[in-house]
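Remarks on the structure that follows.
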Amino acid sequence: MANQKFSKPFFWALAFHLTLLALFALSAIYKPAPAPPPAEPEIIHATMVELNPPTVKPELPIEKPVPIPEPLPPVKEPKPIEQPKKVEPLKPIESPKPIEPPKKVEPPKHVEPPKEDLMKKEAVKAEKIATEKAEAQKVEEAKKAIEHVKSKEAEDAKKAEYEKEATEKADAKKIDDAKKATEKAEKLATEKADAKKAETEAKKEAAEKEKSDAKKAEAEAKKVADKAAKVEAEKVENATKQAAKDAVARADAERANEKAHSDALARQATERAAADAARIQAARQEAAAANAKAAASAADAQAASADAAAIKKSKDAIHDLIKRNHGHYQSADPLKCTVKIRATPKGMVVSVKVEKSSGDAGFDDSVIAAVEASDPLPVPSDMDLFVKGEFREFTVGITRE
9 MANQKFSKPF FWALAFHLTL LALFALSAIY KPAPAPPPAE PEIIHATMVE
59 LNPPTVKPEL PIEKPVPIPE PLPPVKEPKP IEQPKKVEPL KPIESPKPIE
109 PPKKVEPPKH VEPPKEDLMK KEAVKAEKIA TEKAEAQKVE EAKKAIEHVK
159 SKEAEDAKKA EYEKEATEKA DAKKIDDAKK ATEKAEKLAT EKADAKKAET
209 EAKKEAAEKE KSDAKKAEAE AKKVADKAAK VEAEKVENAT KQAAKDAVAR
259 ADAERANEKA HSDALARQAT ERAAADAARI QAARQEAAAA NAKAAASAAD
309 AQAASADAAA IKKSKDAIHD LIKRNHGHYQ SADPLKCTVK IRATPKGMVV
359 SVKVEKSSGD AGFDDSVIAA VEASDPLPVP SDMDLFVKGE FREFTVGITR
409 E
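Take 9 as the starting number for the sequence shown in the working numbering and just add one per residue.
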């Protein structure tokens with residue numbers, strides 16, 4: 009089941025990687041022509057010249073004056089005076105030459121590049137723009153393919169999650185139904201047991217009450233008899249005292265009467281006790297019958313639960329056998345086919361036909377073939393269970409998730 013769920017995402021991922029490899033291969037085969045190297049820029053030498061330069065007064069260089077020679081020392085008288093040498097006059101200081109103003113430098117003329125270079129540059133620029141557009145389009149297509157694959161994967165994951173939730177809900181519902189049925193059976197058994205217990209208690213109380221009433225009646229009868237005997241004894245004693253002469257004959261007669269009366273009272277008490285014992289026995293018999301009936305009801309409920317479990321087990325075994333023989337049917341969508349099967353008590357398949365089609369004729373035919381391959385079916389060997397479970401004609405649903 010896990011392999012089936014993860015097969016789709018694996019195929020999509022494989023297709024996505026193959027698509028990327030194909031795009032890379034195409035981009036490697038169909039490479040655009042390399043762009044020609046850009047033309048080297050021409051170097052133009054220019055000098056910035058101010059049209060109206062500021063007038064600068066030239067500074068005359070100051071030459072150091074020639075040092076004047078010191079006068080000679082005076083000649084002594086004895087010696088003849090020598091005429092001093094003529095001192096050459098100082099040379100006049102030459103005035104500096106005027107600085108010539110700088111010549112005007114004409115600005116360089118703008119040199120226009122050749123027309124062919126401009127056309128080459130425009131062609132290179134246009135080719136570069138076209139290449140960038142093609143690359144951008146490839147990137148955009150790759151992004152769209154990735155988004156499509158991701159969207160498909162998310163959709164498949166969502167669909168798988170939905171199917172998983174549906175399966176879990178169905179399983180939870182089956183468990184809940186089974187739990188409810190078990191609780192209902194337990195509740196019914198508890199109610200029956202409580203009713204049985206209440207009935208037993210009521211009968212027990214009734215028997216005890218009847219027994220108590222019988223004892224009271226017996227005690228009352230004994231009391232009345234004792235009182236009557238006492239009264240009679242007193243009468244006999246008084247009569248004896250009053251009639252001493254007739255005491256013997258009257259005493260005999262009275263004793264005879266007293267005995268007869270006592271015997272009658274004893275008979276009545278014995279009859280009442282026998283009647284009370286009969287009522288107690290009848291109550292006991294009724295309680296035993298009620299207990300037997302409750303036990304029979306509990307046994308019937310237990311037998312019905314066991315039959316239901318055996319029927320469900322057989323139906324599950326039939327479904328599992330058909331499912332195994334059906335194998336794996338390749339389909340992208342979930343399918344379900346319900347078939348009606350007629351079988352014999354030995355499990356032989358008499359006929360099989362589609363009760364509710366899945367919409368896929370191939371899938372329906374595969375389910376029918378799986379049923380025929382499962383002959384004989386594992387139906388209950390007990391004929392009563394076979395009839396109760398309606399195995400003579402029943403339906404089975406086979407799904408492909």
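Cβ atoms here follow ideal geometry from the backbone N, Cα and C, with glycine treated the same way.
Are the beta-carbon atoms belonging to residue i and residue j less than 7 angstroms from one another?
i, j, result
"Ala214", "Ala291", "yes"
"Leu343", "Ser366", "yes"
"Val347", "Val404", "yes"
"Ala227", "Leu273", "no"
"Arg350", "Glu401", "yes"
"Lys200", "Ser305", "yes"
"Ala241", "Ala277", "no"
"Val360", "Val379", "yes"
"Ile330", "Ser382", "yes"
"Ile406", "His334", "yes"
"Lys211", "Ala286", "no"
"Glu216", "Val244", "no"
Since residue i is in the alpha helix (DSSP H), which residue starts that stretch and which ends it?
i, result
"Glu398", "First-last for Glu398: undefined, no H or E at that position."
"Val387", "Note, Val387: premise wrong, no alpha helix (DSSP H); not H, not E."
Classify residue i as helix, strand or coil using the three-state DSSP reduction.
i, result
"Gly405", "strand"
"Thr208", "helix"
"Ala377", "helix"
"Ala312", "helix"
"Ala340", "coil"
"Val83", "Residue placement at Val83 cannot be trusted, given a pLDDT of 49 that sits under 50; what the coordinates show is reported in the next sentence. Of the three classes helix, strand and coil, the one that applies to Val83 here is coil, per DSSP."
"Lys151", "helix"
"Lys253", "coil"
"Thr27", "helix"
"Ser15", "helix"
"Thr139", "helix"
"Thr346", "strand"
Could you name the residues of the same chain whose beta carbon sits closer than 6 angstroms to that of residue i, not counting the 5 residues immediately before and after it, in chain order?
i, result
"Val95", "Here Val95 scores only 48 on pLDDT, less than 50, and its place in the model is too uncertain to base an answer on."
"Pro61", "In this predicted model, Pro61 has a pLDDT of only 48, less than 50, meaning its place in the structure is not dependable enough to derive any value."
"Asp284", "Ala222"
"Ala10", "Residue placement at Ala10 is poorly supported in this model, since its pLDDT is 48, which falls under 50; the coordinates still yield a value, given next. Contacts found: none."
Given residue i, which residues of its chain have a CB within under 8 angstroms of its CB, disregarding the five upstream and five downstream residues?
i, result
"Ala281", "Ala222, Glu226"
"Pro17", "Glu161, Asp164, Ala165"
"Asn299", "Lys204, Thr208"
"Thr190", "none"
"Glu218", "Asp284, Arg287, Ile288, Ala291"
"Ser35", "Lys146"
Apart from the five residues on each side of it in sequence, which residues of its chain come closer than 7 angstroms, Cβ to Cβ, to residue i?
i, result
"Asp372", "Cys345, Val362, Ser365, Ser366"
"Asp315", "Leu393, Lys396"
"Met391", "Pro353"
"Glu176", "none"
"Val64", "At Val64 the pLDDT is 48, less than 50, meaning the model places this residue with poor confidence and gives no usable figure here."
"Glu149", "none"
"Asp368", "Ser339, Leu343"
"Ala197", "Ala306, Ala309"
"Pro384", "Lys354, Gly355, Met356"
"Ala311", "none"
Along the beta strand (DSSP E) that carries residue i, what are the first and last residues, could you check?
i, result
"Ser359", "357-364"
- Message: Using a Cβ distance threshold of 8 angstroms, determine whether the region 316-325 contacts the region 390-403, with at least three qualifying pairs required.
- Response: Of all C-beta pairs linking the region 316-325 to the region 390-403, three or more are shorter than 8 angstroms, placing the two stretches in contact.
- Check whether the region 261-271 touches the region 234-250, taking contact to mean three or more Cβ pairs, one atom from each stretch, closer than 8 angstroms. Enough Cβ pairs lie closer than 8 angstroms, so yes.
- Task: Determine, using beta-carbon pairs with one atom in the region 17-34 and one in the region 150-158, whether at least three such pairs fall under 8 angstroms.
- Result: Counting Cβ pairs under 8 angstroms, three or more are found: they touch.
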